[in-house]
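Asker: Handing you a structure now.
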Ligand SMILES: [Zn+2]
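Protein chains in written order, with the working numbering: chain A, 2 to 191; chain B, 6 to 389.
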């Protein structure tokens with residue numbers, strides 16, 4: 002919206018020319034899109050294209066070890082002896098000191114919620130009945146600010162707080178595949 | 006005039022596959038070597054960083070976020086460009102010439118085996134209305150181009166096969182090459198047609214590796230190294246995307262890019278003034294077509310010169326002493342830096358078993374591959 006237009010609008014509001022209902026809904030502000038009829042009537046012509054884009058990401062030294070340890074129900078980090086940080090996810094070089102990291106360090110599967118959101122929209126942009134609770138968890142034993150991005154579970158969304166103590170809920174050993182989802186979610190420690 | 010030099014080079018690979026390393030770990034290795042070579046600490050001495058890749062190769066839809074860590078570039082001016090590594094090098098050149106930056110790092114890498122749908126990605130680069138719905142492996146575009154190039158120039162299939170023989174043989178003397186081999190012209194000619202007239206052995210195989218280079222202004226370069234390699238000219242161009250409107254017989258995009266670079270470098274007689282050339286040979290015939298486009302010989306002459314031995318390491322004008330894409334491997338967007346790396350090593354006299362004698366001026370040229378007509382040219386010299 003241009004500045005002039007905004008001024009105009011605010012003047013109109015002030016004069017009471019435009020009334021804003023206090024009961025407006027998000028649905029009222031969808032904008033204008035093409036209708037299904039427009040496509041059926043071929044008002045728009047398009048070519049349906051799908052890219053064949055498949056990948057197998059090479060995990061490398063650090064992440065391979067991290068994933069193997071997840072399979073064993075453990076979380077492993079790398080330590081940089083220069084800055085002293087315990088890095089998770091682990092990397093073979095410290096990106097801040099720009100030098101190789103020095104040793105493997107096991108950390109705990111507990112931690113604190115650094116930040117979280119209640120996600121009501123799924124990946125296909127539709128509204129979810131049960132929200133997801135993505136959270137960044139600072140892992141005990143890792144350096145402050147270091148942790149795992151994961152989901153919270155077994156918790157009422159309204160109860161989640163920054164600083165809440167949480168613990169990993171692991172899949173049964175036989176179901177673990179060496180994947181971040183070997184941890185089902187983190188739940189509050191009672 | 007502000008001068009720009011390459012003051013450090015580092016590489017990891019090239020290997021046919023690197024299942025042991027993540028791309029970050031591979032790039033870190035190349036970067037550490039480049040910084041040691043240039044005598045710089047990336048966190049203190051480097052002003053800006055540029056990486057070049059194609060998101061569809063990288064496998065991330067917005068790859069730039071994954072660039073800084075392994076380069077020592079966290080929270081420093083960094084960008085990622087969609088293009089060949091040589092485009093990144095040209096950007097670094099311009100940044101230094103602008104006088105806003107003194108030391109700029111460029112990086113490019115390939116993790117080709119991570120791409121499970123290589124042909125699918127290339128197909129996705131073709132026109133969605135005119136070309137894509139017709140299907141087929143898009144390398145048929147190379148077959149179309151080769152046919153027309155041979156038809157217009159009189160270059161023979163045997164001569165194209167000899168490019169493969171030469172380059173894979175050169176690669177034997179390059180410890181950084183993934184596909185060295187001692188072949189005969191018959192071996193190549195007897196390999197099955199894949200996209201006729203193109204044969205299986207005439208298609209470069211993908212490889213993996215990372216290349217990092219440090220560029221600096223003249224003052225800094227002279228202070229930090231005894232062997233600065235000066236960037237004397239740069240050029241780049243893209244032809245039309247239309248398969249029905251292209252000049253199939255010639256690489257016009259390289260002619261334009263070369264003219265731009267030569268003008269900047271003061272090169273009026275490339276054949277005489279250039280001592281070593283690293284050109285794109287993703288397919289055998291492309292080397293000959295690109296050599297002609299670089300005005301290193303007249304049109305239609307490349308095949309005969311190759312047969313006469315001119316393009317061999319001890320010839321009158323060595324072409325792809327590294328082994329090119331056919332010998333080193335097709336490093337995707339790192340191809341251009343792979344070409345430039347060899348020119349740097351040749352001009353420094355560090356090319357060991359494949360050293361070209363008295364190489365003082367070299368040209369590196371790249372092409373972004375099927376289905377593009379996107380190319381870039383850089384002229385490098387031992388003299389500023
Ligand atoms: Zn550190």
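Backbone N, C-alpha and C fix where the C-beta goes; we use that ideal spot for every residue, glycine too. For clarity, every value in this text was computed on a predicted model and none was experimentally measured.
1. Give me the subset of the segment 43-76 of chain A whose CB atoms are less than 8 Å from a CB atom of chain C, sorted by chain position.
2. Measuring alpha carbon to alpha carbon, tell me which residue in B:366, B:210, B:70 is nearest residue 144 (chain B).
3. Answer with buried or exposed for residue 222 (chain B), where buried requires no fewer than 16 other C-beta atoms within 10 angstroms of its C-beta.
4. Starting from residue 189 (chain A), trace the beta strand (DSSP E) both ways and give me its first and last residue.
5. Taking 8 Å as the CB-CB limit, is residue 147 (chain A) close to chain B?
6. Cα separation between residue 335 (chain B) and residue 213 (chain B)?
7. Look at the alpha carbon of residue 138 (chain B) and the alpha carbon of residue 46 (chain A), and state the distance between them as a whole number of angstroms.
8. Can you tell me where the beta strand (DSSP E) holding residue 58 (chain B) begins and where it ends?
9. If you measure between the beta carbons of residue 240 (chain B) and residue 263 (chain B), is that distance less than 8 Å?
10. Under 7 Å, CB to CB, which of the residues in the segment 144-168 of chain A have a partner in chain B?
11. Suppose you measure from the CA of residue 99 (chain A) to the CA of residue 102 (chain B); what does that come to, to the nearest Å?
12. Comparing alpha-carbon positions, which option in B:59, B:29, B:14 lies nearest residue 101 (chain A)?
13. Under 7 Å Cβ-Cβ, which residues of chain A neighbour residue 122 (chain B)?
14. Where does residue 134 (chain A) land, buried or exposed, given buried means 16+ other C-beta within 10 angstroms?
15. Can you name, in chain order, every residue of its own chain whose Cβ lies under 7 Å from the Cβ of residue 75 (chain A), other than the five neighbours on each side?
16. With 8 Å set as the bound, which would you pick, yes or no: does the beta-carbon of residue 317 (chain B) sit closer than that to a beta-carbon of chain A?
17. Less than 8 Å between CB atoms is the rule here; does residue 250 (chain B) satisfy it with respect to chain A?
18. Quick check on the DSSP output: the beta strand (DSSP E) that includes residue 377 (chain B) runs from which residue to which?
19. Hey, how far is the Cα of residue 86 (chain A) from the Cα of residue 179 (chain A)?
20. Verify whether the separation of the beta carbon atoms of residue 98 (chain B) and residue 318 (chain B) is less than 8 Å.
21. Just jot down, in chain order, the residues whose CB lies closer than 6 Å to any heavy atom of ligand 1.
22. So is the beta-carbon of residue 80 (chain A) under 7 Å away from any non-hydrogen atom of ligand 2?
23. In chain order, which alpha helix (DSSP H) runs of at least 4 residues are fully inside the segment 181-267 of chain B?
24. Which class does residue 315 (chain B) belong to by DSSP, given the choice of helix, strand or coil?
25. Take the Cβ of residue 187 (chain A) as the centre, count every other Cβ of all protein chains shown within 10 Å, and call the residue buried at 16 or more, exposed below.
Answerer: Taking the structure as given:
1. No chain C is part of this structure, whose protein chains are labelled A and B.
2. Residue 144 (chain B) sits at position 139 when you count from the first residue of the second chain. For residue 144 (chain B), the nearest C-alpha among the options comes from B:210.
3. As a position in the second chain, residue 222 (chain B) is number 217, starting the count at 1. Result: buried.
4. Position 188 of the first chain, counting from 1, holds the residue named residue 189 (chain A). Per DSSP, residue 189 (chain A) belongs to the beta strand (DSSP E) from 184-189.
5. Reading the first chain from its first residue, position 146 is the one you call residue 147 (chain A). Chain B, which has no Cβ nearer than 8 Å to the Cβ of residue 147 (chain A), makes this no.
6. Taking the first residue of the second chain as position 1, residue 335 (chain B) is located at position 330. Taking the first residue of the second chain as position 1, residue 213 (chain B) is located at position 208. Looking at the backbone, the Cα of residue 335 (chain B) and that of residue 213 (chain B) are separated by about 8 Å.
7. The count along the second chain starts at 1 and reaches residue 138 (chain B) at position 133. The count along the first chain starts at 1 and reaches residue 46 (chain A) at position 45. If I take the Cα positions, the gap works out to 15 Å.
8. The residue given as residue 58 (chain B) occupies position 53 in the second chain. It spans 53-58 - the beta strand (DSSP E) in which residue 58 (chain B) sits, taken as one unbroken run.
9. Sequence index remark: in the second chain, residue 240 (chain B) carries index 235 (1-based). Sequence index remark: in the second chain, residue 263 (chain B) carries index 258 (1-based). Yes.
10. none
11. Walking along the first chain from the start, residue 99 (chain A) turns up at place 98. Walking along the second chain from the start, residue 102 (chain B) turns up at place 97. Residue 99 (chain A) and residue 102 (chain B): Cα-Cα distance of roughly 28 Å.
12. The sequence position of residue 101 (chain A) within the first chain is 100, counting from 1. Here the closest residue by C-alpha is B:29.
13. To locate residue 122 (chain B), count along the second chain from 1; it is residue 117. Here the neighbours are 53, 54, 55.
14. For the purposes of this step, residue 134 (chain A) is taken as the residue at position 133 of the first chain. Buried.
15. Locating residue 75 (chain A) in the first chain gives position 74, where the first residue counts as 1. Excluding sequence neighbours, residue 75 (chain A) sits near 107.
16. Translated into the one-based positions of the second chain, residue 317 (chain B) becomes position 312. Closer than 8 Å: no.
17. Your numbering for residue 250 (chain B) matches position 245 in the second chain. Answer no: the Cβ-Cβ gap between residue 250 (chain B) and chain A never drops below 8 Å.
18. By 1-based counting over the second chain, the position of residue 377 (chain B) is 372. Counting along the chain, residue 377 (chain B) falls outside any beta strand (DSSP E), and DSSP gives it neither H nor E.
19. The residue given as residue 86 (chain A) occupies position 85 in the first chain. The residue given as residue 179 (chain A) occupies position 178 in the first chain. The straight-line gap from Cα to Cα measures roughly 25 Å.
20. Sequence index remark: in the second chain, residue 98 (chain B) carries index 93 (1-based). Sequence index remark: in the second chain, residue 318 (chain B) carries index 313 (1-based). Contact: no.
21. A:81, A:83, A:84, A:86, A:95, A:97, A:98
22. Summarising the ligand content, the structure contains ligand 1 and does not contain ligand 2.
23. 190-195, 223-229
24. Indexing the second chain from 1 puts residue 315 (chain B) at position 310. Reduced to three states, the DSSP call for residue 315 (chain B) is coil.
25. Taking the first chain and counting its residues from 1, one reaches residue 187 (chain A) at position 186. Its Cβ being crowded by 16 or more others within 10 Å, residue 187 (chain A) is buried.
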